[in-house]
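Here this note's numbering runs 4 ahead of the position in the sequence shown, where the first position is 1.
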Amino acid sequence: MVRIRGITLGLLLVSNAHAWQPQTVLAIDKRVGPLLSIPLTVDLVPAIATSPSAYTISFTRATTGYVADHEGLLRLAKPGEARFWGARRVENLVSTKSEDFTNGAWTKSNINATATTLTSTAANGTTLQTYTGSGNFVLRVEMSRITGTGNVDLTIDGGSTWTSVTLTGSPQIFSIAQNGVTNPQFGIRIVTSGDAVNASKIQLEQILTGQANTNPSEYVSVGVQSAAPYHGAYVDGVRYFDTLNGNTVASNVVTEATGAAISAGTLKGFLSESTRTNLLLYSDALDDATNWTKNDATIAANDATAPNGFDHADKLVEAATTASHNVQQSITKAASALSYVFSVYLKDAEKTKARLFVDDGAGNGMHVDIDIAACTAGSAANDGTPFTLSQVGVVASSHGFCKAQLGFTTNTATTLRSRVAILNSGGSESYAGSVTDGIYIWQMQLEQARGASTPIVNAGTTNSRNVDTLQYIIRGVVGFRPLPATYTVDVHTFFQGNGRSLIWAWGNDAGNDRYWFKINENGIGDFGTAFTFGIGTATAGATLGTSNYNTDYKFAGAIGNNGVNAVLKGGGLAGISTVRSAGSPVLNTLSTLHIGAGSGAGSMSAIKNFAMHAGEWATGQLLQQVAQ
5 MVRIRGITLG LLLVSNAHAW QPQTVLAIDK RVGPLLSIPL TVDLVPAIAT SPSAYTISFT
65 RATTGYVADH EGLLRLAKPG EARFWGARRV ENLVSTKSED FTNGAWTKSN INATATTLTS
125 TAANGTTLQT YTGSGNFVLR VEMSRITGTG NVDLTIDGGS TWTSVTLTGS PQIFSIAQNG
185 VTNPQFGIRI VTSGDAVNAS KIQLEQILTG QANTNPSEYV SVGVQSAAPY HGAYVDGVRY
245 FDTLNGNTVA SNVVTEATGA AISAGTLKGF LSESTRTNLL LYSDALDDAT NWTKNDATIA
305 ANDATAPNGF DHADKLVEAA TTASHNVQQS ITKAASALSY VFSVYLKDAE KTKARLFVDD
365 GAGNGMHVDI DIAACTAGSA ANDGTPFTLS QVGVVASSHG FCKAQLGFTT NTATTLRSRV
425 AILNSGGSES YAGSVTDGIY IWQMQLEQAR GASTPIVNAG TTNSRNVDTL QYIIRGVVGF
485 RPLPATYTVD VHTFFQGNGR SLIWAWGNDA GNDRYWFKIN ENGIGDFGTA FTFGIGTATA
545 GATLGTSNYN TDYKFAGAIG NNGVNAVLKG GGLAGISTVR SAGSPVLNTL STLHIGAGSG
605 AGSMSAIKNF AMHAGEWATG QLLQQVAQ
């Protein structure tokens with residue numbers, strides 16, 4: 005028997021029409037459960053699998069990437085880190101080792117160290133480590149006294165400020181916090197020579213503006229776990245939680261408690277995005293004079309807190325002239341009609357409306373008006389000889405911002421200009437401005453795609469975010485054939501792009517070894533066979549409605565002797581859509597499960613609650629599943 009996440013599992017050979025198959029059995033009420041269940045809300049680890057040796061998780065993304073946490077704050081994930089939209093993200097910024105002070109990352113002076121014991125060899129023995137960055141920080145460390153009675157101090161600013169903490173012979177968690185620190189140098193000082201302490205589980209966190217609980221989070225080790233997936237996100241030192249931070253601090257002593265559960269509706273799941281590039285330079289630095297042209301307007305740089313929790317938002321301020329007050333940047337493109345999406349985060353100030361423009365530099369294109377205060381968009385309007393509209397969308401973000409996007413297909417001109425202009429209360433673009441009035445802007449982004457992705461911040465060169473590639477390699481089960489079987493999954497689409505917003509596949513991604521499900525083939529506006537569930541070359545399709553972004557979907561599909569049967573609920577669908585294919589299943593031995601963008605197509609979605617069940621469910625059972 006095997007226990008995974010507290011559930012006892014076992015293997016049972018069950019006969020069916022095709023082969024003797026290993027099946028996973030829940031030792032709860034003697035009922036047969038899913039063959040495979042992967043929640044994908046806070047980590048990559050299956051909740052139910054045939055055995056720990058039956059799968060190997062593989063995840064890659066070579067670049068950083070943003071993800072919205074439970075409070076809507078945009079957190080910057082590390083390269084190689086799986087992102088979980090809506091979960092609470094905790095990162096320990098300690099380098100290399102958080103439970104071993106002998107490591108070279110710790111600079112020691114007048115102190116002897118074992119892994120977790122510090123002994124002062126002279127007055128003011130210290131051990132310090134430096135983190136490169138700036139902002140607000142909180143430090144926690146577990147300590148107890150071994151010998152001596154002298155002061156033991158903690159610092160975040162390299163010793164400019166020391167805080168004494170009172171140790172006893174029993175381990176306690178101590179914490180200090182400090183705001184506005186650049187390149188914090190944090191650590192411990194033992195004031196009296198010969199005194200010794202136990203010290204371990206040290207953690208430095210950065211606190212974002214707008215974060216509700218600024219107390220230290222749960223401890224997340226660095227250099228203790230030996231291999232991926234580490235704490236579940238595939239990088240060391242990072243863990244996602246589905247509960248709030250319940251820790252409190254009094255007199256620098258931390259009392260740990262588990263906070264309230266984060267709602268299931270907030271936990272959108274594993275964030276899967278395809279490769280994207282932002283074509284606009286200095287995308288969050290509109291004061292740059294080389295790339296951004298300001299017309300009858302000025303920029304107040306870093307004037308407000310952006311959705312990423314830092315003071316990175318700029319203010320576009322009107323000039324005291326009667327004109328259009330705007331900021332713009334042009335790029336050079338191929339002499340072809342190409343699909344792009346222009347997106348920007350906006351927040352109202354003295355003015356509450358803005359206009360997004362895209363054109364060829366000669367006035368041919370389109371624009372859309374945004375009511376920033378209401379976070380709503382009007383209908384796109386044509387300018388000159390218009391571009392072809394793909395979509396318009398707005399969605400609320402943190403710190404009072406809303407993200408607006410305009411998707412389109414260009415003409416064959418070689419110039420593409422992106423512009424944001426302030427509108428007055430009557431919706432006019434040209435009016436007498438005031439040198440104090442304006443709107444806030446963060447992160448201008450232009451992507452050659454149909455839908456906007458998460459932020460990709462540029463300076464003087466264009467940056468790309470690499471694809472999220474997630475695979476589960478099935479091994480150790482000879483001749484494993486998951487057919488007939490039923491699959492269920494929850495999907496949240498958002499500002500989708502080219503290709504499939506979700507795709508998963510068993511097999512080798514070739515020919516009849518492949519079973520897949522997708523939502524939205526060509527992006528918002530081009531639906532076609534937008535909902536497809538296939539096996540080999542046999543597919544079934546249904547057209548989605550027009551509200552298929554920023555939307556939750558539930559899917560259930562069965563493959564078996566009766567072919568392919570699948571149902572989908574959510575988005576612009578009127579109720580539940582049922583599709584069927586008469587194709588016969590192909591029973592090749594299967595080896596790999598792909599989830600998200602890494603399975604060969606563009607993906608812009610969050611995915612959770614993936615499960616594979618034994619047997620071919622009837623239509624009524626499928627409908628009941630998605631109706632929940």
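Idealized CB from N, CA, C, for every residue including glycine.
Alpha carbon to alpha carbon, what distance is there between residue j and residue i?
{"i": "Thr153", "j": "Ile194", "result": "10 Å"}
{"i": "Gly397", "j": "Tyr557", "result": "19 Å"}
{"i": "Asp387", "j": "Gly365", "result": "11 Å"}
{"i": "Thr281", "j": "Ser422", "result": "15 Å"}
{"i": "Gly464", "j": "Leu285", "result": "6 Å"}
{"i": "Gly250", "j": "Glu260", "result": "7 Å"}
{"i": "Pro311", "j": "Val571", "result": "36 Å"}
{"i": "Arg454", "j": "Ile445", "result": "22 Å"}
{"i": "Ala237", "j": "Glu85", "result": "6 Å"}
{"i": "Ser164", "j": "Asp157", "result": "12 Å"}
{"i": "Val439", "j": "Gly430", "result": "19 Å"}
{"i": "Ser179", "j": "Ala109", "result": "21 Å"}
{"i": "Thr466", "j": "Lys319", "result": "23 Å"}
{"i": "Gly273", "j": "Thr123", "result": "46 Å"}
{"i": "Pro175", "j": "Lys112", "result": "22 Å"}
{"i": "Leu80", "j": "Leu271", "result": "17 Å"}
{"i": "Gly564", "j": "Leu283", "result": "46 Å"}
{"i": "Gly263", "j": "Gln182", "result": "24 Å"}
{"i": "Thr159", "j": "Gly241", "result": "21 Å"}
Are the CB atoms of residue j and residue i within a distance shorter than 8 Å?
{"i": "Phe346", "j": "Leu275", "result": "no"}
{"i": "Gly245", "j": "Pro188", "result": "Looking at the sequence shown, residue 245 is not Gly but Phe. No, the pair does not count as a contact, with Cβ atoms beyond the cut-off."}
{"i": "Pro459", "j": "Tyr59", "result": "no"}
{"i": "Val348", "j": "Gln452", "result": "no"}
{"i": "Glu209", "j": "Val46", "result": "no"}
{"i": "Asn613", "j": "Asp472", "result": "no"}
{"i": "Gly184", "j": "Gln133", "result": "no"}
{"i": "Thr125", "j": "Ser197", "result": "yes"}
{"i": "Asn128", "j": "Asn116", "result": "no"}
{"i": "Met608", "j": "Thr497", "result": "yes"}
{"i": "Leu78", "j": "Tyr135", "result": "no"}
{"i": "Asn554", "j": "Thr67", "result": "no"}
{"i": "Thr413", "j": "Thr389", "result": "no"}
{"i": "Leu342", "j": "Tyr476", "result": "no"}
For residue i, which residues from the same chain have a beta carbon less than 6 Å from its beta carbon, with the 5 sequence-adjacent residues on both sides left out?
{"i": "Arg9", "result": "Residue placement at Arg9 cannot be trusted, given a pLDDT of 41 that sits under 50; the coordinates are not used to answer."}
{"i": "Val461", "result": "Ser287, Asp288"}
{"i": "Trp296", "result": "Leu290, Val331, Gln333"}
{"i": "Asn155", "result": "Ser168, Val195"}
{"i": "Asp300", "result": "Ala323, Thr325, Ala327, His329"}
{"i": "Pro233", "result": "Leu48, Ile61"}
{"i": "Val621", "result": "According to the sequence provided, residue 621 is Trp. The question's Val does not apply to it. Only Thr490, Ala562 meet the Cβ criterion."}
Is there a Cβ from chain D that is less than 8 Å from the Cβ of residue i?
{"i": "Ala265", "result": "Annotation note: the requested chain D is absent from the structure, which comprises a single protein chain."}
Report all residues from its chain with a CB closer than 8 Å to the CB of residue i; omit the five preceding and five following residues, and keep chain order.
{"i": "Asp375", "result": "Thr356, Lys357, Ala381, Gly382"}
{"i": "Asp33", "result": "Reliability fails at Asp33, whose pLDDT of 28 lies under 50, so the model's placement of it is uncertain and the value that follows must be treated cautiously. Nothing listed; no residue qualifies."}
{"i": "Ala514", "result": "Below a pLDDT of 50, predicted positions are generally treated as unreliable, and Ala514, at 45, falls in that range; the measurement from the model is reported next regardless. If we look at Ala514 and ignore the five residues flanking it on each side, it has no Cβ neighbours."}
{"i": "Val372", "result": "Arg359, Leu360, Ala381, Gly382, Ser383, Ala384, Ala385, Val396, Ala408, Leu410"}
{"i": "Thr213", "result": "Asn140, Thr309, Gly313, Phe314, Asp315, His403"}
{"i": "Asn306", "result": "Asp315, His316, Ala317, Asp318"}
{"i": "Thr252", "result": "Asn219, Val258, Thr259, Ala261"}
Name the two residues that bound the continuous beta strand (DSSP E) containing residue i.
{"i": "Gly564", "result": "555 to 564"}
{"i": "Ala216", "result": "From DSSP, Ala216 is part of no beta strand (DSSP E); its letter is neither H nor E."}
{"i": "Gly442", "result": "442 to 451"}
{"i": "Lys206", "result": "It should be noted that the sequence gives Ile, not Lys, for residue 206. Here the beta strand (DSSP E) through Ile206 covers 200 to 211."}
{"i": "Gln229", "result": "Where Gln229 is concerned, there is no enclosing beta strand (DSSP E), given that its DSSP letter is neither H nor E."}
{"i": "Leu122", "result": "121 to 124"}
{"i": "Arg149", "result": "138 to 151"}
{"i": "Ser92", "result": "Checking the sequence, you will find Arg at residue 92 rather than Ser. Residues 92 to 95."}
{"i": "Thr165", "result": "Premise fails: Thr165 is in no beta strand (DSSP E) and is neither H nor E."}
{"i": "Ile376", "result": "From DSSP, Ile376 is part of no beta strand (DSSP E); its letter is neither H nor E."}
From which residue to which residue does the alpha helix (DSSP H) around residue i run?
{"i": "Thr623", "result": "623 to 631"}
Closer than 7 Å by C-beta to residue i: which residues in its own chain qualify, once you throw out the five before and the five after it? Chain order, please.
{"i": "Gly76", "result": "Ser401, Ser402"}
{"i": "Asp352", "result": "Ile376, Ala377, Ile443"}
{"i": "Thr118", "result": "Thr106"}
{"i": "Arg149", "result": "Leu171, Thr172, Gly173, Val201"}
The stretch 215 to 233 contacting the stretch 85 to 102, beta-carbon criterion three pairs below 8 Å: Yes, the stretch 215 to 233 touches the stretch 85 to 102.
Contact the stretch 333 to 344 vs the stretch 411 to 419: 3+ CB pairs below 8 Å: Below 8 Å, enough C-beta pairs join the stretch 333 to 344 and the stretch 411 to 419 to call them touching: three or more.
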